[in-house]
Amino acid sequence: MAVNGHIVRDRIPLSTTPSALQVTHERQDTYRIHVTADPHKALQAILDELDGRRAAVITERTVAALPPYDDLTRTLRQHGLLLGTIAVPPGERSKTLDTAYLLLDWLSQLDLARRDVIIALGGGMIIDTVGWVASAYMRGVPYINVPTTLLAQVDAAIGGKVAVDHNSAKNLVGAFHQPRAVISCLTHLDTLDTRQTSAGLAEAVKKAVIASPEYFDFIETHADDLLHHRLPATETLVRAAGAIKSQLVGRDPYENDLRRPLNFGHTVGHAVETTTGYGPVLHGEAVAFGMVIAADISRARGLLDPATADRITHLLTALNLPVRLHQLRAEPPIDDVLAALGKIRQIRDGSLRFVLPLELGTTLIVDDVTEDEVRAALLRTTADDLPAGRP
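Just so we're aligned: the sequence shown equals residues 26 to 416 in this note's numbering.
Shown next, in the form of structure tokens:
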């Protein structure tokens, strides 16, 4: 008898074992990271990755007023692929469940289907929020990251860690949901101010410290070119960041052991962001300060050579990043930072993990850093008579 459709035939035997059933599921995600200085090639890459699927574009209002938004939506419309667009208020304060619910409602009204794709156009806030929305809508739909900030191009758009913030902690509500593709167009960086550029470079320095002395040397040598988005230095920076992070994430894509060196600088960094209300201090600035604290703790324990610690601090300073408490745009009280760390410890079942650098490319993950050690390191960033080489 002729039939139309896909026949599935199983012959699963009757299970009579009294023991617990062992269930194993394996999943492998593969996607491409495109890096180009040509806007036309970037748009073509998006079309290629969509492969005829319809797309809904989510961005923030600042980006919606810029050429990348117009170019993308016009191209999708010309090819009959644009389902709709929406822009949310800019800034970290939009990275909330309220924003996520608004976007879920909007996608439902669009009748976005499982085969359709969400495009996240913007910086880290949009990338994280849209990724989480994509993970939740219909139990997971594909999304493409089109990062428009340096921080998003070198870090946030890669790796599939997606989340929104909660009043009690940053990224408290999240998931692991890999993108369908990442398309980084370097000309988008021309819209950034110098502060946003520096914040992005902090995440590049993080990768250099934990995984690549060669990358660290490159950033040191080309600091001025990178601050001004000059080619080919910026293209090398973004490509190398993608290669480094992809390799590190591939070791543990779902962060089962919570021990990725990629968290270097984030323990104190997240506490600073939580304490200051998700906005006044940019994520990259908070991470830079967190790296200084982690390096200082490592130096104080005798694990990190003082010359290497100084080198890290000097590079962050050269990139116009905060290395002293008073250099943060909103200076949090030390006790408030420690309280935020206590909340993180509570969320993580009493464990507060620090990534401590031992040398460039080598880190130690510990969960025994005490409040006194953190307080001492924070206080050292406020001292007027720091030893030579200290921040």
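A virtual CB, placed ideally from N, CA and C, is assigned to each residue, including glycine. Since this is a predicted model, take the numbers as computed values, not measurements.
Item, Value
"Counting only runs that start and end within the segment 264-327, where is the beta strand (DSSP E) found for 3 or more residues in a row?", "none"
"Return helix, strand or coil for residue 229, following the three-state DSSP convention.", "helix"
"Between 135, 105 and 145, which has its C-alpha nearest residue 85's C-alpha?", "145"
"For residue 163, count the other beta carbons within 10 Å of its own beta carbon; 16 or more makes it buried, fewer makes it exposed. Which is it?", "exposed"
"Ordered along the chain, which non-local residues of its own chain (more than five positions away) have a Cβ less than 7 Å from that of residue 184?", "270 and 274"
"State the Cα-Cα distance for the pair residue 332 and residue 324, rounded to the nearest angstrom.", "10 Å"
"Along the chain, where does the alpha helix (DSSP H) containing residue 331 start, and where does it finish?", "331-343"
"Can the beta-carbon of residue 365 be found less than 7 Å from the beta-carbon of residue 227?", "no"
"Can you name, in chain order, every residue of its own chain whose Cβ lies under 7 Å from the Cβ of residue 152, other than the five neighbours on each side?", "145, 170, 172, 177, 181 and 182"
"According to DSSP, is residue 106 part of a helix, a strand, or is it coil?", "coil"
"Quick test of your reading: residue 357 and residue 301, contact by CB under 8 Å. State the CB separation rounded to the nearest angstrom.", "5 Å"
"With residue 296 and residue 362 assumed to form a contact (beta carbons below 8 Å), what rounded beta-carbon distance in angstroms separates them?", "5 Å"
"Alpha carbons only, please: which of 188, 265 and 240 is nearest the one belonging to residue 157?", "188"
"On the criterion of 16 or more Cβ atoms from any shown chain inside 10 Å, does residue 31 qualify as buried, or is it exposed?", "exposed"
"Among all the DSSP beta bridges, which residues are the ones paired with residue 147?", "172"
"Where does residue 367 sit, in a helix, a strand or coil, going by DSSP?", "helix"
"Assign residue 112 to one of three DSSP states: helix, strand, or coil.", "strand"
"Among 293, 63 and 94, which one has its Cα closest to the Cα of residue 148?", "94"
"Run through the DSSP bridge pairs and tell me what residue 14 is partnered with.", "Residue 14 lies beyond the range of the chain shown here (26 to 416); nothing can be said about it."
"Can you tell me the Cα-Cα spacing of residue 44 and residue 37, whole angstroms?", "18 Å"
"Going by DSSP, what residues sit across from residue 243 in a beta bridge?", "DSSP lists no partner for residue 243."
"Quick one: is residue 139 buried, meaning 16 or more other Cβ sit within 10 Å of its Cβ, or exposed?", "exposed"
"Which stretch, first to last residue, makes up the alpha helix (DSSP H) that contains residue 19?", "Given that the chain is displayed from residue 26 to residue 416, the structure contains no residue 19 and the question cannot be resolved."
"Taking the straight line between their C-alpha atoms, what separation do you get for residue 57 and residue 68?", "15 Å"
"Is it buried or exposed, residue 168, if we count other Cβ atoms within 10 angstroms and call 16 or more buried?", "buried"
"Ignore the nearest five residues each way along the sequence and tell me which others in residue 96's own chain have a CB closer than 7 Å to its CB.", "64 and 68"
"Distance check for residue 160 and residue 205, CA to CA, integer angstroms please.", "12 Å"
"Going by beta carbon distance, what residues of the same chain come within less than 6 Å of residue 175, once the five residues before and after it are set aside?", "214, 222 and 225"
"Check whether the Cβ of residue 165 lies closer than 6 Å to any heavy atom of the ligand FAD, and answer yes or no.", "Looking for the ligand FAD in the displayed structure turns up nothing, as the structure carries no ligands at all."
"Would you call residue 126 buried or exposed, if buried means 16 or more other Cβ atoms sit within 10 Å of its Cβ?", "exposed"
"Straight-line CA distance for residue 66 to residue 233?", "28 Å"
"Quick check on the DSSP output: the beta strand (DSSP E) that includes residue 85 runs from which residue to which?", "80-85"
"According to the Cβ coordinates, are residue 80 and residue 106 closer than 7 Å?", "yes"
"Can you give the Cα-Cα distance for residue 348 and residue 340, rounded to whole angstroms?", "10 Å"
"Can you tell me the Cβ-Cβ gap for residue 110 and residue 98, rounded? I've got them flagged as a contact below 8 Å.", "6 Å"
"For residue 407 and residue 350, which I take to be in contact (beta-carbon distance under 8 Å), what is that distance rounded to the nearest angstrom?", "5 Å"
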